[in-house]
Each structure stands twice: as structure tokens, then as C-alpha cells.
Amino acid sequence: QSVLTQPPSVSAAPGQKVTISCSGSSSNIGNYYVSWYQHLPGTAPKLLIYDHDKRPSGIPDRFSGSKSGTSATLGITGLQTGDEADYYCGTWDNILSAWVFGGGTTLTVL
Amino acid sequence: QVQLVESGGGVVQPGVSLRLSCAASGFTFSSHGMHWVRQAPGKGLEWVAFIRHDGNEIYYAGSVKGRFIISRDISKNTLYLQMSSLRPEDTALYYCAKDFGSQYISYFDYWGQGTLVTVSS
């Protein structure tokens, strides 16, 4: 059971928008930067968003991040079938003195 | 370009030791923190350990503390994970990941392809 809570799955049609939530607490999201990762099992995960809302070069602006209080959200617009993957939020937790990932959310583009 | 290549995985029996390696290239290895992250079959990503750029600060996940040791050899641009007293629940694909920062954990900007560790009798 992760300290960061994500929905197990989300789905939407091609071209639509989806949001993935990541709920934490003051010991993690409330005081530390959140990053988001896209992962196809068996392959190298990819950084999508860092410092809550910044995109690395090469990541399209269809991907966005935000944070409010002790929760963070990943948004994906203009969904494509190639976006089907697992998505993870992550941040530092100062009670655990450890990096923590959310449980992961599987995105299905119907 | 940044490359991280893990090796050393295999099938081992419970209780034995195994050392994973991660060969790094394409960036100044001595200037960045490094991590190990794993994914057990059918499970999510689990952070395992972090070592600061100079090796002087190290953190472990509670599930491996006291059994795993992370280290780095700057002269060889290589990250290591010495795993001892292995358990079936350590079975996972182990990823090496580069931290954007040097002294503090910031985020994982590059990842390797992983090396598979299977602990089974």
C-alpha cells in the first residue's frame, strides 16, 4: 500500500482528455516536488513531468501537471493510442526518509 | 546521449547474494545522484535506494534496509547494488536511474532497461 494514492485505471476515447490524480500528505506532496513517469512494463520508464508542472524537452504539451495542497494531477489531452501505458507519480517523503511512488494508473485509450 | 546499462541479474535461491551493476555513459557520472528502482511481476514501481553524487549520503527503502548496499565507482562510471539474504519477494526487474540533481533527490531523468532478478528455490 503506497503512501501516494492513484486510481488503478482510467480510460477515455482517442482525442479526449483524461486526468490522473495522486493524493498524498504534508510529509510528501505537501512539501516536496512531484514528478510523473510513463511506463510500459519491461521497458525503461520515461520522465513526463518534474517539479509539479514542468515538461522535459521532447515531451509534448498535451501532457501537463499541477499540484494543490497535498494532491497532484497529471493531465493528458488529445489522447492517442500510443499513450496507453502505466503512469506513476513520485516524490520524497520526509517521515519515511524515502522516495515514494504512487501505486500506478493504467491508462486505456478506448 | 545518456545510457544506463544494467547487468548481473539471474535466477538465485533464497538466502544467497547477488550484485547488480549499472554502466553509465553520456553524462558526468560523478556529478549526479543515482538510484535503483524495481518492479515485481504484476506490481508497480518501487524505489529501492539512492546514493549521492559523492557517495556520502545514502538512503534505502525499508523493505531492503540492512540487506542491500548501494555503491558507486567513479573511476568506472558504474553503480552497484549488492543484494544479500535474498527473498522471493525481491524477485523483480531492477532499474538503474539517474537523478537530475547531485546532492538531493530531485527526479529521475533517465532510466536503464532493467535486469531481471528471480529468487526461487
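Keeping their order, the protein sequence lines are chains A and B. Numbering of the first sequence is given in the working numbering, commencing with residue 22 and proceeding in unit increments. Numbering of the second sequence is given in the working numbering, commencing with residue 810 and proceeding in unit increments. No residue lacks a Cβ here, since even glycine has one placed at the ideal position from N, Cα and C.
Whole-Å CB distance - residue i paired with residue j, under 8 Å assumed
i, j, result
"residue 830 of chain B", "residue 895 of chain B", "Not really, about 16 Å apart at Cβ, beyond 8 Å."
"residue 835 of chain B", "residue 926 of chain B", "About 25 Å; that fails the 8 Å criterion."
"residue 37 of chain A", "residue 100 of chain A", "5 Å"
"residue 869 of chain B", "residue 877 of chain B", "6 Å"
"residue 928 of chain B", "residue 897 of chain B", "5 Å"
"residue 935 of chain B", "residue 862 of chain B", "Missing from the structure shown is residue 935 of chain B; chain B here goes from 810 to 930 and no further."
"residue 41 of chain A", "residue 126 of chain A", "5 Å"
Pick from the options that is closest to residue i, judged by C-alpha positions
i, options, result
"residue 822 of chain B", "B:849, B:893 and B:852", "B:893"
"residue 105 of chain A", "A:88, A:86, A:128 and A:117", "A:128"
"residue 12 of chain A", "A:24, A:29, A:39 and A:22", "Only positions 22 to 131 of chain A appear in this structure, which leaves residue 12 of chain A out of reach."
"residue 909 of chain B", "B:929, B:841 and B:924", "B:841"
"residue 816 of chain B", "B:824, B:810 and B:832", "B:832"
"residue 907 of chain B", "B:865, B:838 and B:863", "B:838"
"residue 50 of chain A", "A:78, A:62 and A:25", "A:25"
"residue 866 of chain B", "B:812, B:881 and B:901", "B:881"
"residue 852 of chain B", "B:905, B:930, B:916 and B:899", "B:899"
"residue 873 of chain B", "B:901, B:858, B:824 and B:850", "B:858"
"residue 130 of chain A", "A:35, A:72, A:29 and A:45", "A:35"
Which of the residues in the stretch 60 to 91 of chain A, read from start to end, lie with their CB under 8 Å from any CB of chain B? Near chain B, meaning a CB-to-CB distance below 8 Å, the residues of the stretch 60 to 91 of chain A are 60, 62, 63, 64, 65, 66, 67, 68, 71, 72 and 77.
Return the residues of the stretch 102 to 122 of chain A that lie within a Cβ-Cβ distance of less than 8 Å from chain B, sorted by chain order. Result list: 107, 109, 111, 113, 117, 118, 119, 120, 121 and 122.
Whole beta strand (DSSP E) elements within the stretch 827 to 904 of chain B, 3-residue minimum: With a minimum length of 3 residues, the continuous beta strand (DSSP E) runs that stay inside the stretch 827 to 904 of chain B are 827 to 834, 843 to 848, 854 to 860, 867 to 869, 877 to 882 and 887 to 892.
Output needed in chain order: residues of the stretch 899 to 929 of chain B with a Cβ under 9 Å from some Cβ in chain A. Of all residues in the stretch 899 to 929 of chain B, those with a C-beta nearer than 9 Å to a C-beta of chain A are 902, 904, 906, 909, 913, 914, 915, 916, 917, 918, 919, 920, 921, 922 and 923, reading in chain order.
Using a Cβ distance threshold of 8 Å, determine whether the stretch 47 to 57 of chain A contacts the stretch 108 to 115 of chain A, with at least three qualifying pairs required. Touching, yes.
Contact between the stretch 65 to 82 of chain A and the stretch 914 to 923 of chain B is defined here as three or more beta-carbon pairs at a separation below 8 Å; is this criterion met? With the cut-off at 8 Å, the stretch 65 to 82 of chain A and the stretch 914 to 923 of chain B touch.
Any residues in the stretch 867 to 900 of chain B with a beta carbon nearer than 8 Å to a beta carbon of chain A? Which ones, in chain order? Within the stretch 867 to 900 of chain B, the residues whose Cβ lies closer than 8 Å to some Cβ of chain A are 868, 869, 870 and 871, listed in chain order.
Mind listing which residues of the stretch 825 to 838 of chain B have their C-beta closer than 8 Å to chain A's C-betas, in chain order? If the cut-off is 8 Å between Cβ atoms, the stretch 825 to 838 of chain B has nothing near chain A.
For the stretch 849 to 865 of chain B, enumerate the residues whose C-beta is nearer than 8 Å to any C-beta of chain A, in chain order. Flagged, chain order: 853, 854, 855, 856 and 859.
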